[in-house]
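For reference, the structure is listed below as structure tokens.
There are 4 protein chains.
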Amino acid sequence: MATPRTPDSTRRSERSRRAIFDAALELVGEVGYDKLTIEGIAARAGVGKQTIYRWWPSKAAVLLDAFTADAGDYEAGLPDTGDLAADLRFVLRASVDEFNDPKFQAPYRALAAAGANDAELSADFVARLMEPGIKVYTDRLRAARDQGQVAEDADLRVAAEMLLGPFSQRWLMRTGPLTYEFTDTLVDLVVRAVARR
Amino acid sequence: MATPRTPDSTRRSERSRRAIFDAALELVGEVGYDKLTIEGIAARAGVGKQTIYRWWPSKAAVLLDAFTADAGDYEAGLPDTGDLAADLRFVLRASVDEFNDPKFQAPYRALAAAGANDAELSADFVARLMEPGIKVYTDRLRAARDQGQVAEDADLRVAAEMLLGPFSQRWLMRTGPLTYEFTDTLVDLVVRAVARR
Amino acid sequence: MATPRTPDSTRRSERSRRAIFDAALELVGEVGYDKLTIEGIAARAGVGKQTIYRWWPSKAAVLLDAFTADAGDYEAGLPDTGDLAADLRFVLRASVDEFNDPKFQAPYRALAAAGANDAELSADFVARLMEPGIKVYTDRLRAARDQGQVAEDADLRVAAEMLLGPFSQRWLMRTGPLTYEFTDTLVDLVVRAVARR
Amino acid sequence: MATPRTPDSTRRSERSRRAIFDAALELVGEVGYDKLTIEGIAARAGVGKQTIYRWWPSKAAVLLDAFTADAGDYEAGLPDTGDLAADLRFVLRASVDEFNDPKFQAPYRALAAAGANDAELSADFVARLMEPGIKVYTDRLRAARDQGQVAEDADLRVAAEMLLGPFSQRWLMRTGPLTYEFTDTLVDLVVRAVARR
DNA sequence: CATTAAGCGAGACGGTACGTCTTGTCTTTAC
DNA sequence: GTAAAGACAAGACGTACCGTCTCGCTTAATG
Chain S
1 MATPRTPDST RRSERSRRAI FDAALELVGE VGYDKLTIEG IAARAGVGKQ
51 TIYRWWPSKA AVLLDAFTAD AGDYEAGLPD TGDLAADLRF VLRASVDEFN
101 DPKFQAPYRA LAAAGANDAE LSADFVARLM EPGIKVYTDR LRAARDQGQV
151 AEDADLRVAA EMLLGPFSQR WLMRTGPLTY EFTDTLVDLV VRAVARR
Chain V
1 MATPRTPDST RRSERSRRAI FDAALELVGE VGYDKLTIEG IAARAGVGKQ
51 TIYRWWPSKA AVLLDAFTAD AGDYEAGLPD TGDLAADLRF VLRASVDEFN
101 DPKFQAPYRA LAAAGANDAE LSADFVARLM EPGIKVYTDR LRAARDQGQV
151 AEDADLRVAA EMLLGPFSQR WLMRTGPLTY EFTDTLVDLV VRAVARR
Chain G
1 MATPRTPDST RRSERSRRAI FDAALELVGE VGYDKLTIEG IAARAGVGKQ
51 TIYRWWPSKA AVLLDAFTAD AGDYEAGLPD TGDLAADLRF VLRASVDEFN
101 DPKFQAPYRA LAAAGANDAE LSADFVARLM EPGIKVYTDR LRAARDQGQV
151 AEDADLRVAA EMLLGPFSQR WLMRTGPLTY EFTDTLVDLV VRAVARR
Chain Z
1 MATPRTPDST RRSERSRRAI FDAALELVGE VGYDKLTIEG IAARAGVGKQ
51 TIYRWWPSKA AVLLDAFTAD AGDYEAGLPD TGDLAADLRF VLRASVDEFN
101 DPKFQAPYRA LAAAGANDAE LSADFVARLM EPGIKVYTDR LRAARDQGQV
151 AEDADLRVAA EMLLGPFSQR WLMRTGPLTY EFTDTLVDLV VRAVARR
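Residue numbers (UniProt numbering), protein chains in the order written: chain S, 1 to 197; chain V, 1 to 197; chain G, 1 to 197; chain Z, 1 to 197.
Here it is as structure tokens:
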């Protein structure tokens, strides 16, 4: 009687799932996260509200799935030309372009904001989007260390956060402009910080 | 005809203002930001809803005023014992304690999150809370540079962000634990980054 | 795009409908029409406000439906013992009792008042409550005419209004006491007015 | 200490009083009684709200005063040409015109409606507007009786109500059109009802 | 002739209700 | 048995007025 309601995912409608993702991403871009509603997503997707409630616990969870379904992943890792600073500069410049793209902004900001107030969501958000980011930077730094360009005892994880943290903060809180100049400076300082003495 | 209705602030009730701040901070701690409502604040404060709508445009704006009314400011600046690393370690350790204090968390997280989706609010938030923070670090670094401990050409603003950005990100997104060890490591790396060669 | 939102009445909750009627009639008796609120009705009925707004345009419309759902109708017509004056006296005396009953007063007064200022409502009110009343009197007068007790050329509709108009006015505006004596006098005069010369 | 707040009427501003009346009558015509508000009257009249609350207990009371300040009174009584039926027909035809005048309708309807639900107000309304009306008709009927045209034992008050009640009901509840034909028929029937046998 | 006390315009206040919107649950019907 | 549709109870939204209050400002009438 007190069945915990676990829906049978084998019978799930892929068509509805896609439509919900598309609708969610469209709407968050059009009206913003605060005015994004489950009703609105259902209506735009041509889907019953229950279909959303059946599979996701909140609009943030829908958006996170929608976003990660689209987002490219980090499987490749960072380029390694042998020149650490140049590689970091290159990748961060690409990130500057990406994060300045309006399409990308709305859902990402929304998720970051929602995560700030919801530990469960942020655990997911971090595991799926931020950790992989930190990891590829840490990996690239480790490769540099293995090549003798970085001090043995440097904390590479923290170094990676020193690249991404200021970047994220400028973007998320708008504490400053997100430019190539900024990321280049950042790379210089971090490379200097971890450089073999 | 389209008068913007600007209320007369000289007739404003200080008692109501305080009661609203207290209620907002209490409630955000009790129920969280998402379930914080203007109605709830008004009821707790023993105030009409209109009194809130008259003076603030949103619950985020109320919270920002409430928070900054309470929050200590940065007038004093950072300590300067002559030992840059020690001073930074000391201050960041204090911040670790502050940001791990539950009282402080709810409103600050809420404001950061709300700011992420609302440029107008984040402008206020940054100007009143984050900029002053960045500034005192920049000032302390400048003093160190004047004392010859820091490279002439180092970008001190970005260096300050390298301290605060990773800190903020760990705390806000919970990408890692906010410990003394972390901030000490951060200080080491940053000091090394800007050190006179 | 400008769909008028017509709800599907086949899915309507009969339970809610009844609860709303009961609550409306109770409350109008307890607090009066001016202090009768949709919120109050919804709360008393254990119903969402939207459920009321979905089906009725105003509290007056709710009350009219509630009232007519309860009110007995006039299917039977007036008694016809052959003695016109006696029959009219009898029925009007019954009406005196009915209109002096506190239970009856509140909703009826409220509807009459609301109708005075709202042509659409009064059209409904008249069609459902007043016209049938006038009709049964007109019918009884016609029967009397057919029996040769009433002048051929008498305007029976106006005669019926001469019974009900003064009655209504005394009751609604409180221009005088609503007693058997009054209605008996009324009947005498009207019977005399239409009597065959 | 518990002074019941009796304002000093000698210091009252006649200018404000007039402005309030004008505003109330204008507004009731423009927006209807339900949307007539004290705030609106005050704003239109260029008057503080307190000035209204100081002198009247409700918007209905304001309107009643405003209306009676304008309305002509019945001092003159009805014409007496010796022909009762002709005199009544004449006066009622004039009333038909008056009650079909839009200017007149809004406030009068509003007051009648408000009175229906407020015994205190209706006492005032009846005493100041309806009783005098009934009285002049009763007086005219008495004159006719003194001239031998009306039965000695006829209840003249009820006869007067038989003229005004149906008239009021048609107008207030819109149970039928308010025409000369209707009032002429009414007069015929009433005159016949009270005629000396 | 200054003083003082009232009425006044103005509008902030604590409240209540409005009518709308969205939430998350539930039920019905179609596939 | 999932899905589209949508009614439902609940409750917050932001607005409009309520009736009370306090603020300066006329404006008498009094001491």
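We treat Cβ as the ideally placed atom computed from N, Cα and C, and that holds for glycine.
Quick caveat: nothing in here was measured; it's all calculated off a predicted structure.
- Counting the other CB atoms within 10 Å of its CB gives Asp83 (chain V) a total below 16, which places it among the exposed residues.
- For Ala23 (chain V), the CB contacts under 7 Å within the same chain, skipping 5 residues up- and downstream, are Ile41, Arg44, Ala45 in chain order.
- By the neighbour-count definition (other C-beta atoms within 10 Å, threshold 16), Ala86 (chain S) is an exposed residue.
- Using beta-carbon distances, Arg109 (chain V) counts as an interface residue toward chain S, with a partner under 7 Å.
- Spanning the alpha carbons of Arg11 (chain V) and Val31 (chain S) requires a straight line of approximately 37 Å.
- Taking C-beta atoms under 8 Å as the contact rule, Ala112 (chain V) and Leu189 (chain V) fail to qualify, at a distance of about 24 Å.
- Within the same chain, Cβ atoms closer than 8 Å to the Cβ of Gln169 (chain V) are found at Thr175, the five residues on either side in sequence being excluded.
- Distance from the CA atom of Ala127 (chain Z) to the CA atom of Gly133 (chain Z), rounded to whole angstroms, is 10 Å.
- In the DSSP assignment, Val28 (chain G) is bridged to no other residue.
- For Asn117 (chain Z), the neighbours in chain G by C-beta distance under 8 Å run, in chain order, Gly32, Tyr33, Asp34, Arg109, Ala110, Ala113.
- Within chain V, no C-beta atom comes nearer than 7 Å to that of Leu178 (chain S); the closest sits roughly 12 Å away.
- Take Ile20 (chain G), set aside five residues on each side of it, and the residues of its chain with a beta-carbon closer than 7 Å to its own are Ile41, Ala45, Val47, Ile52, Val62, in chain order.
- Burial is judged here by how many other beta carbons sit within 10 angstroms of a residue's own beta carbon; Tyr180 (chain Z) has fewer than 16 and is exposed.
- Ranked by Cα distance from Phe104 (chain G), the options G:Glu39, G:Arg17, G:Gly165, G:Leu25 are led by G:Leu25.
- Each residue's CA atom was taken as its position, placing Arg157 (chain G) and Tyr137 (chain Z) some 23 Å apart.
- Of all residues in the segment 82–96 of chain Z, none places a beta-carbon less than 8 Å from a beta-carbon of chain G.
- Between the segment 57–71 of chain Z and the segment 117–125 of chain Z there are three or more inter-stretch CB-CB distances shorter than 8 Å, so the stretches are counted as touching.
- Less than 7 Å separates the beta-carbon of Asp155 (chain V) from that of Thr185 (chain S).
- Asn100 (chain S) sits exposed, since fewer than 16 C-beta atoms from the chains shown fall within 10 Å of its C-beta.
- Proximity of Ala193 (chain G) to chain Z, defined by a Cβ-Cβ separation below 7 Å, is satisfied.
- The DSSP assignment places 102–117, 119–125, 131–146 as complete runs of the alpha helix (DSSP H) inside the segment 85–146 of chain V, in order along the chain (cut-off: 4 residues).
- A direct Cα-to-Cα measurement between Gln50 (chain S) and Thr37 (chain Z) gives close to 44 Å.
- Taking CB atoms only, Ser58 (chain V) has no neighbour in chain S less than 7 Å away.
- Of all alpha-carbon atoms in S:Leu178, S:Val191, S:Ala195, the one lying nearest the alpha-carbon of Ala94 (chain S) is that of S:Leu178.
- Judged by their CB atoms, Ala106 (chain Z) and Gly29 (chain Z) are nearer to each other than the 7 Å cut-off.
- Secondary-structure assignment with DSSP links Ala195 (chain G) through a beta bridge to G:Val150.
- In chain order, Leu189 make up the part of chain G whose C-beta sits under 7 Å from the C-beta of Ala159 (chain Z).
- For Arg54 (chain Z), there are no C-beta contacts with chain G under 9 Å, since the nearest C-beta of that chain is about 22 Å from it.
- Membership of Lys49 (chain G) in the alpha helix (DSSP H) is indicated by the continuous run 49–55.
- With a contact defined as Cβ atoms closer than 8 Å, Arg140 (chain S) and Leu78 (chain S) qualify at about 4 Å.
- The C-alpha of Ser13 (chain G) is placed about 56 Å away from the C-alpha of Val194 (chain Z).
- Put simply, the backbone Cα of Pro102 (chain V) is about 34 Å away from that of Val96 (chain S).
- Here DSSP, grouped into helix, strand and coil, assigns Ser13 (chain G) to coil.
- Leu178 (chain S) sits in coil when the DSSP states are folded into three classes, being neither helix nor strand.
- Look at the segment 123–134 of chain V: the residues with a C-beta under 9 Å from a C-beta of chain S are Ala123, Phe125, Val126, Met130, Glu131, Ile134.
- Contact with chain S is found for Leu172 (chain V), since one of that chain's Cβ atoms lies less than 7 Å from the residue's Cβ.
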